[in-house]
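Before any comments, here is the structure.
Protein chains: 2
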Amino acid sequence: MISLKDLNPHLLTAEYAVRGPIVIRAQELEKQGKKIIYCNIGNPQALKQKPLTYIRQVLGLMEYPALLENEKALSAFPKDMIERAKKLHHMMPHGTGAYTQSAGTPFMKQAIAEYITKRDGIPADENQIIMTDGASKGVSAVLTALLKKPSDGFMIPIPQYPLYSATIELYGGSQIGYYLDEANSWQLNEEILTKSLNDAKAKGIDPVAIVVINPGNPTGAVLSFENVKMVIEFARKHKLAIMADEVYQDNVYAIDGMFHSFAKVMHQLGDNETTLFSFHSVSKGFMGECGHRGGFLEIRNVPADVMAEFIKLQSISLCSNTVGQLVTYLVVTPPQKGEASYDLYVQERDGILSELKAKAEILGKGLNGIEGMEIDVPQGAMYAFVKFELPHTADVSKMSAAERLAYESKRDNDYCMALLEETGICVVPGSGFGQLPGTLHFRTTFLPPRDEMESLVEKMRAFHSEYVDQIAKSK
Amino acid sequence: MISLKDLNPHLLTAEYAVRGPIVIRAQELEKQGKKIIYCNIGNPQALKQKPLTYIRQVLGLMEYPALLENEKALSAFPKDMIERAKKLHHMMPHGTGAYTQSAGTPFMKQAIAEYITKRDGIPADENQIIMTDGASKGVSAVLTALLKKPSDGFMIPIPQYPLYSATIELYGGSQIGYYLDEANSWQLNEEILTKSLNDAKAKGIDPVAIVVINPGNPTGAVLSFENVKMVIEFARKHKLAIMADEVYQDNVYAIDGMFHSFAKVMHQLGDNETTLFSFHSVSKGFMGECGHRGGFLEIRNVPADVMAEFIKLQSISLCSNTVGQLVTYLVVTPPQKGEASYDLYVQERDGILSELKAKAEILGKGLNGIEGMEIDVPQGAMYAFVKFELPHTADVSKMSAAERLAYESKRDNDYCMALLEETGICVVPGSGFGQLPGTLHFRTTFLPPRDEMESLVEKMRAFHSEYVDQIAKSK
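Protein chains in written order, with the numbering used here: chain B, 177 to 651; chain Y, 177 to 651.
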């Protein structure tokens with residue numbers, strides 16, 4: 177029988193806090209009948225967000241094509257989506273049950289390229305696109321392909337979505353953490369980047385690529401044009417590939433905020449040299465179709481033989497799931513003005529986005545008003561990375577750096593576990609994403625319905641003050 | 177810009193022939209208007225196999241739940257599937273758009289455990305099951321977890337489905353090939369296993385696990401009870417984990433053939449010691465739902481902490497796609513006698529399986545009747561691994577073993593490429609799966625419709641004799 181010692185040691189040390197011990201405890205409590213508010217993960221439809229109607233109508237007609245021959249049944253569908261489904265059946269005659277080409281269905285990749293062109297006003301090539309099971313599998317593929325030896329280093333933000341740290345750890349590469357500038361709305365800072373890079377090189381690490389998440393996870397920040405430009409120039413200067421996690425591109429709420437894709441800025445800079453991997457997903461945005469595991473990877477500035485290797489890698493697991501591919505296709509080709517489904521689409525889309533914007537404000541302003549908590553209103557994505565303070569329970573001045581890290585990580589874990597046990601609110605400790613030593617954070621989504629968000633803020637206020645009091649008393 | 181030298185060298189050397197150069201050429205020819213018969217891959221619905229109606233009815237109602245509130249639309253569905261969909265919506269209230277738990281939806285895992293119990297008459301534990309995006313992702317996860325260092329060896333059959341060789345190569349482990357016994361219907365042979373194991377150990381390889389594909393891919397063989405028992409005893413003796421690829425378990429055509437799962441035989445042997453990973457998929461069987469990427473992995477004889485590591489690994493990419501999970505659930509809970517959909521289900525299932533059986537015979541007997549080809553009627557799965565002979569174009573007696581391998585591999589590749597160019601029939605060269613030095617094979621599916629299978633045999637007959645003649649003339 178195999179035991180832990182027979183497992184890949186990199187698997188044992190990999191950590192993925194978004195589904196870590198606190199979430200496992202939450203599931204136990206839920207089984208026991210406790211009401212849990214899952215703010216640990218960006219899973220909108222698990223928190224009552226409704227799917228976009230047109231997407232599901234087409235999926236229904238694609239999965240059970242006999243409906244298209246049943247006039248009574250068709251009365252449940254708008255005309256444009258019936259036409260759409262008929263056209264799709266014609267274009268993918270084997271339907272949803274057959275493997276597609278490794279990189280995805282060709283006409284869908286073409287639509288994705290057109291979507292990028294429309295979004296950014298730049299050329300895009302369908303042959304540089306690979307459809308993936310969500311963005312996670314795209315990220316995992318790129319890391320697999322770029323990681324040659326343990327000293328290969330990937331620059332990742334701190335805090336970061338732990339997919340990156342977990343996957344780099346799993347494949348046995350080196351992490352080069354760079355702090356995001358919390359005081360400057362979590363933008364990237366060139367000095368910090370340079371210092372991180374130089375420190376890593378001094379330790380014998382060979383930097384390969386830089387990961388940027390924009391809009392930010394867990395920070396909820398939206399990078400400015402200037403900031404994206406700085407990163408591209410930094411990457412070019414240091415010959416790094418860029419891995420741009422842009423899955424929250426539709427989630428920008430700040431009035432003065434705007435999503436600037438790395439592809440667009442790179443094109444405007446005339447950079448034909450820096451390799452770019454850009455990731456998108458149907459799990460986020462206003463569609464929130466997490467369960468369907470759809471997404472794509474666009475690769476720029478690589479020779480054809482390198483592209484062929486990425487497609488070969490994809491071919492080993494055959495292809496991404498067809499329904500995820502369909503959802504991705506539908507997301508990049510929404511109903512157009514004049515079509516029967518257009519008004520409902522706009523109403524649903526704008527409704528979801530304005531709710532998210534309102535909830536970002538409720539959360540940001542609400543938590544910022546709590547004594548000992550500090551947070552800007554999130555500008556984008558679905559998260560707030562909330563800074564909080566607790567009285568110390570030990571003399572930190574006597575701790576080594578490692579001891580301090582362990583102490584802080586225990587503090588935020590204990591806090592989040594107590595929050596869960598007391599209130600049923602499930603958030604993720606900041607140490608799961610990384611944070612500046614000596615600071616404490618937690619990540620929460622702002623996905624629960626508006627009324628729940630309001631009561632969540634109140635529950636957190638009560639919990640926090642009681643928790644602080646108890647620490648003070650116990651001293 | 178990155179170039180090939182910046183890529184993981186294991187990616188560059190990994191090969192996956194099922195989607196290799198011949199298939200890429202076939203796609204080019206198809207674009208130019210040539211009719212291609214894709215016999216390279218087990219993709220039934222791309223070759224006109226119809227999906228099972230009940231599965232698609234439920235998917236339609238799950239994707240677009242509004243249908244359940246529309247009486248007119250419901251007239252297109254049988255009563256039992258309407259009830260089924262309502263129950264499913266109740267049991268998965270977030271629908272198909274939300275992430276599930278990492279290892280899959282709990283009630284579905286329970287149904288899978290009950291299915292195993294019913295199939296094999298043995299206990300099965302839902303907590304030992306992980307739902308995966310097809311079997312490929314399960315295999316990839318197990319290899320990721322078990323591979324600690326480059327000298328860790330996995331015993332894989334020759335010939336084998338190249339997912340195994342490609343993934344082991346990709347992750348930098350060692351392959352320990354063992355020949356299947358072609359003269360004995362491609363069963364495993366203990367002497368050959370022992371010799372392969374000892375040879376590998378002598379080279380400093382540490383054997384970790386043995387991969388068995390039953391029914392066989394590419395061989396179409398079904399292992400006897402005795403053969404499965406022998407493998408389990410071999411694995412226990414040598415402390416190997418077993419990776420049992422059982423995705424063709426429903427595809428057994430031989431009258432005296434029967435599928436014996438490793439779990440069942442292990443239970444009957446009272447073996448509580450040998451770790452077993454068993455893979456299943458919805459892509460094969462009679463459902464052929466390849467595009468939906470559904471499947472599961474059952475793990476036996478591991479401690480709880482090891483199981484937790486497998487679930488953590490799955491959590492890093494969140495969960496398998498929900499529609500694939502639904503299809504898997506529906507496959508393990510088909511309509512029951514007395515339900516409205518039962519008769520149609522039985523008719524569709526038996527129709528597909530009897531067609532496959534008939535086509536296996538047409539192919540087996542037909543090709544075996546061609547001068548210079550040798551093949552038994554496949555007993556199971558969807559493939560025949562056809563042995564063929566060609567006149568030599570060089571003096572093989574003067575070649576080294578490596579030269580001989582390169583020569584044979586060029587010969588079968590050239591043959592399959594010429595077959596494609598001449599006839600439009602796309603098969604995979606035997607060297608893509610591995611074969612005994614000095615022999616030539618190709619793998620073909622028997623999935624095309626019956627009339628096409630008959631004409632395929634005739635086309636192959638004409639092609640083969642012409643190809644042989646041309647070689648003879650050119651000498």
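Using N, Cα and C, we set each Cβ at its ideal position, and we do this for glycine too.
Burial state of residue i, where buried means 16 or more other Cβ atoms lie within 10 Å
i	result
residue 173 of chain Y	In the structure as shown, chain Y starts at 177 and stops at 651, and residue 173 of chain Y therefore has no counterpart that could be examined.
residue 555 of chain B	buried
residue 535 of chain B	buried
residue 284 of chain Y	buried
residue 227 of chain B	buried
residue 614 of chain B	exposed
residue 530 of chain Y	exposed
residue 547 of chain Y	exposed
residue 132 of chain B	Nothing can be reported for residue 132 of chain B, as the shown portion of chain B is limited to 177 through 651.
residue 255 of chain Y	exposed
residue 642 of chain B	exposed
residue 587 of chain B	buried
residue 213 of chain Y	buried
residue 448 of chain B	exposed
residue 426 of chain B	buried
residue 568 of chain Y	exposed
residue 249 of chain B	buried
residue 476 of chain B	buried
residue 184 of chain Y	buried
residue 519 of chain B	exposed
residue 232 of chain B	buried
DSSP three-state assignment for residue i, whether helix, strand or coil
i	result
residue 148 of chain Y	Absent from the model: residue 148 of chain Y. The displayed extent of chain Y is 177 to 651, so no value can be given.
residue 502 of chain Y	helix
residue 516 of chain Y	coil
residue 465 of chain Y	coil
residue 474 of chain Y	strand
residue 330 of chain Y	strand
residue 397 of chain Y	coil
residue 451 of chain B	coil
residue 459 of chain Y	coil
residue 620 of chain B	strand
residue 419 of chain Y	strand
residue 426 of chain B	coil
residue 633 of chain B	helix
residue 592 of chain Y	helix
residue 404 of chain Y	helix
residue 601 of chain Y	strand
residue 492 of chain B	helix
Open item on the list: Does the segment 357 to 373 of chain Y come into contact with the segment 402 to 416 of chain Y, if we say contact requires no fewer than three beta-carbon pairs (one atom in each stretch) closer than 8 Å?
Closed with: yes
Open item on the list: Please identify, using Cβ separations under 7 Å, the residues of the segment 464 to 496 of chain B that lie next to chain Y, in order along the chain.
Closed with: 464, 465, 466, 467, 468, 469, 477, 478, 479, 481, 482, 485, 488, 489, 491, 492, 493 and 494
TODO: Pair every Cβ in the segment 217 to 236 of chain B with every Cβ in the segment 260 to 272 of chain Y, then say whether three or more of these pairs are closer than 8 Å.
DONE: yes
Task: Inter-stretch contact (C-beta, 8 Å, three-pair minimum) for the segment 631 to 651 of chain B and the segment 469 to 488 of chain B - done: no
Open item on the list: Going residue by residue through the segment 503 to 577 of chain B, where are the continuous alpha helix (DSSP H) segments of at least 4 residues, counting only ones entirely within it?
Closed with: 518 to 544
- [ ] Indicate whether the contact test is met: 3 or more Cβ pairs, each with one atom in the segment 296 to 310 of chain Y and one in the segment 363 to 370 of chain Y, closer than 8 Å.
- [x] no
TODO: Check whether the segment 601 to 619 of chain B touches the segment 578 to 585 of chain B, taking contact to mean three or more Cβ pairs, one atom from each stretch, closer than 8 Å.
DONE: yes
Task: Cβ contact check for the segment 326 to 336 of chain B and the segment 351 to 362 of chain B: 3 or more pairs under 8 Å - done: yes
- [ ] Evaluate contact between the segment 335 to 346 of chain Y and the segment 186 to 204 of chain Y, counting only Cβ atoms and requiring at least three cross-stretch pairs below 8 Å.
- [x] yes
Open item on the list: Ignoring anything shorter than 4 residues, give me the alpha helix (DSSP H) runs that lie fully in the segment 298 to 371 of chain Y, in order along the chain.
Closed with: 310 to 322 and 339 to 346
Open item on the list: Going residue by residue through the segment 216 to 304 of chain Y, where are the continuous alpha helix (DSSP H) segments of at least 4 residues, counting only ones entirely within it?
Closed with: 229 to 239, 247 to 250, 255 to 267 and 282 to 296
Task: Three-pair Cβ contact test at 8 Å for the segment 433 to 451 of chain B versus the segment 386 to 399 of chain B - done: yes
Open item on the list: Give me the subset of the segment 569 to 589 of chain B whose CB atoms are less than 7 Å from a CB atom of chain Y, sorted by chain position.
Closed with: none
- [ ] May I ask you to list, following chain order, the residues of the segment 496 to 512 of chain B that have a beta carbon less than 7 Å from some beta carbon of chain Y?
- [x] 497, 498, 499 and 500
- [ ] Specify whether the segment 507 to 521 of chain B and the segment 286 to 298 of chain B touch according to this definition: at least 3 beta carbon pairs, one from each stretch, less than 8 Å apart.
- [x] yes
Open item on the list: Any C-beta of chain B within less than 8 Å: which residues of the segment 307 to 331 of chain Y qualify?
Closed with: 309, 310, 312, 313, 316, 320, 321, 322, 323 and 324
Task: Contacting positions in the segment 611 to 632 of chain B - beta carbon closer than 9 Å to chain Y - done: none
TODO: Say whether the segment 232 to 241 of chain Y touches the segment 226 to 240 of chain B, bearing in mind that this needs 3 or more beta-carbon pairs closer than 8 Å, one atom from each stretch.
DONE: yes
Open item on the list: Count Cβ pairs between the segment 486 to 497 of chain B and the segment 558 to 566 of chain B that sit closer than 8 Å; are there 3 or more?
Closed with: no
Task: Validate contact between the segment 449 to 463 of chain B and the segment 413 to 420 of chain B using beta carbons, cut 8 Å, 3 pairs - done: yes
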